[in-house]
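In our numbering, the protein residues as written are 2 to 438.
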């Protein structure tokens with residue numbers, strides 16, 4: 002099939018390469034000329050496991066091309082997928098201006114029947130907005146259909162999720178469009194859910210809000226466990242054995258981040274307000290997460306009372322392992338709060354990006370764990386990276402000014418921390434030892 006993907010960001014690039022893998026003719030469009038040139042040279046603009054070799058293979062086989070010429074790309078394609086950004090506005094509503102702009106451009110290039118797919122995460126009713134834009138720009142209704150087709154990608158596993166996902170949700174009103182969508186996704190051998198556009202638009206928000214709620218719930222339980230000497234890992238394991246609950250997203254820590262959960266939970270609350278529906282549970286989920294990501298700062302203040310002039314070390318900056326994405330990562334909020342309190346910060350993450358360096362130019366970025374913790378008053382684990390499981394705790398404790406460890410991802414056994422010479426240790430929901438200084 003001849004496919005145009007508008008937007009070479011996280012979702013757009015993964016989608017374009019996934020279609021190209023199955024020998025479709027894919028043109029991926031982006032306004033950023035620098036990004037287009039980089040991708041055409043086989044250099045990824047995001048980190049995702051398996052993406053670089055697939056990009057170079059598809060370029061070599063000429064199954065994919067990157068361009069900033071959207072009109073030509075649309076003109077040559079039968080299927081046009083909108084995969085542009087939909088950021089959150091200050092009032093928690095969704096900014097669909099990029100979707101609107103893409104729809105206007107698409108309407109200029111329609112020269113025969115085309116299926117317009119909305120892959121971006123958008124509020125309910127966006128399919129009607131896109132349809133009306135195309136109609137207002139003089140395109141006959143018989144020459145296009147609009148389909149809602151949300152993505153369900155996990156960063157770090159995005160290619161696998163697209164190629165071997167749990168389900169593919171397709172919301173459309175036309176049998177002709179349905180036939181095209183069936184052909185488009187036939188090679189992926191995944192469960193297809195056919196529904197109307199409003200349901201398709203809402204299912205992504207509902208999925209992410211429910212998963213975020215599980216995370217906030219277990220974090221509240223972890224905070225209680227810390228106060229009553231209970232063990233959150235055992236509690237989570239016991240909950241997860243209940244088939245009605247499942248063990249997924251029941252790992253306690255310092256909260257969720259990333260591009261989806263924070264954005265989609267807020268958007269769902271905003272959508273509910275527009276239609277007179279109160280999402281009190283989702284509101285609470287957001288509030289719990291906002292408090293949880295600052296838990297390490299609360300513990301620090303309880304321990305030292307004042308942290309001005311003290312060096313604090315952070316291990317891990319990205320919101321999760323396997324990605325270089327720092328969007329809404331708990332580390333950002335911890336760093337900002339500590340800087341306001343006058344702390345000096347040293348940090349380490351093997352995936353550290355220029356983006357975070359531009360956000361926080363006045364903190365020290367280190368190349369190793371050992372260098373990061375040197376002369377520190379506290380080390381905070383913010384990201385669950387494999388190398389933190391294997392680090393030499395005794396050596397780290399000796400290098401620190403005050404051997405204090407806040408385990409924001411419950412990676413370290415409390416007994417091992419005590420044996421390694423830490424004078425104070427705090428795990429989210431698994432206990433602590435040591436006295437306030």
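Every residue, glycine too, gets a C-beta built ideally from N, C-alpha and C.
Buried or exposed: which applies to residue i, given that a residue is buried once 16 or more other Cβ atoms fall within 10 Å of its Cβ?
i, result
"residue 146", "buried"
"residue 198", "buried"
"residue 177", "exposed"
"residue 248", "exposed"
"residue 341", "exposed"
"residue 291", "exposed"
"residue 159", "buried"
"residue 128", "buried"
"residue 345", "buried"
"residue 165", "exposed"
"residue 251", "buried"
"residue 229", "exposed"
"residue 185", "buried"
"residue 311", "buried"
"residue 343", "exposed"
"residue 132", "buried"
"residue 281", "exposed"
"residue 351", "exposed"
Reducing DSSP to helix, strand and coil, say where residue i ends up.
i, result
"residue 171", "strand"
"residue 113", "coil"
"residue 240", "helix"
"residue 145", "strand"
"residue 235", "helix"
"residue 72", "helix"
"residue 266", "helix"
"residue 103", "helix"
"residue 411", "coil"
"residue 274", "helix"
"residue 398", "helix"
"residue 108", "helix"
"residue 189", "helix"
In the DSSP assignment, find the unbroken alpha helix (DSSP H) run with residue i in it and report its ends.
i, result
"residue 176", "176–186"
"residue 127", "127–137"
"residue 442", "Only positions 2 to 438 of the chain appear in this structure, which leaves residue 442 out of reach."
"residue 312", "Looking at the DSSP string, residue 312 is not in any alpha helix (DSSP H); the run it does join, the beta strand (DSSP E), is 312–316."
"residue 3", "Not the alpha helix (DSSP H): residue 3 falls in the beta strand (DSSP E), residues 3–7."
"residue 285", "281–293"
"residue 420", "415–420"
Going by the DSSP bridge assignment, what does residue i pair with across the sheet?
i, result
"residue 426", "406, 434"
"residue 163", "Partner(s): none; residue 163 has no beta bridge."
"residue 120", "In the DSSP output, where bridge partners are listed per residue, residue 120 has none listed."
"residue 89", "95"
"residue 195", "171"
"residue 80", "4, 116"
Just reading off the beta strand (DSSP E) that residue i is part of, what are its end residues?
i, result
"residue 300", "Careful: residue 300 lies outside any beta strand (DSSP E), inside the alpha helix (DSSP H) at 296–305."
"residue 261", "From DSSP, residue 261 is part of no beta strand (DSSP E); its letter is neither H nor E."
request  = Could you name each continuous alpha helix (DSSP H) segment of 4 residues or more that falls completely within the stretch 347–395, going from the start of the chain to the end?
outcome  = 355–360, 370–374, 387–390
Ordered list of beta strand (DSSP E) runs contained in the stretch 13–70, each at least 3 residues = 26–30, 65–68
key: 3-residue-minimum beta strand (DSSP E) runs that sit fully inside the stretch 322–349, ordered along the chain   = Entirely contained in the stretch 322–349, the beta strand (DSSP E) runs reaching 3 residues are, in chain order, 345–349.
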